[in-house]
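Residue numbers (the numbering used here): 1048 to 1138. The beta carbon of each residue, even a glycine, is placed where N, CA and C say it ideally should be. Take a look at the structure below.
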């Protein structure tokens, strides 16, 4: 997945944009691909600077949607952006 490679290389803006495009295009049956795209897309607040409650709600929905899944790594990776957002908010 190109979004994951961009993310690992440090190109956050491109990886988040590509992950959001992938979420629109991937079918619901492509579970693993969607999970990783969601984890990368959860970092959008680092690109936009928007740390308001609206962005926090996206992170919370992401964590809850992945907690029901079977991929433990994706679930743990989804918690990190949410906790970083709370830290930036001063909570």
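Simplified DSSP state of residue i, which is helix, strand or coil
| i | result |
| --- | --- |
| residue 1075 | coil |
| residue 1048 | coil |
| residue 1089 | coil |
Straight-line Cα distance separating residue j from residue i
| i | j | result |
| --- | --- | --- |
| residue 1070 | residue 1090 | 14 Å |
| residue 1060 | residue 1079 | 22 Å |
| residue 1096 | residue 1057 | 17 Å |
| residue 1081 | residue 1137 | 30 Å |
| residue 1135 | residue 1129 | 10 Å |
| residue 1076 | residue 1120 | 19 Å |
Below-8 Å beta-carbon distance, residue i vs any chain D residue
| i | result |
| --- | --- |
| residue 1070 | The chain labelled as chain D is not found in the depicted structure, where only one protein chain is given. |
Pair within 8 Å by beta-carbon distance, residue i and residue j
| i | j | result |
| --- | --- | --- |
| residue 1048 | residue 1083 | yes |
| residue 1073 | residue 1050 | no |
| residue 1124 | residue 1086 | yes |
Own chain, CB closer than 6 Å to residue i, minus 5 neighbours either side, in chain order
| i | result |
| --- | --- |
| residue 1053 | 1061, 1062 |
Spatial neighbours of residue i in its chain, beta-carbon cut-off 7 Å, leaving aside the 5 residues before and after
| i | result |
| --- | --- |
| residue 1088 | 1063, 1066, 1067, 1070 |
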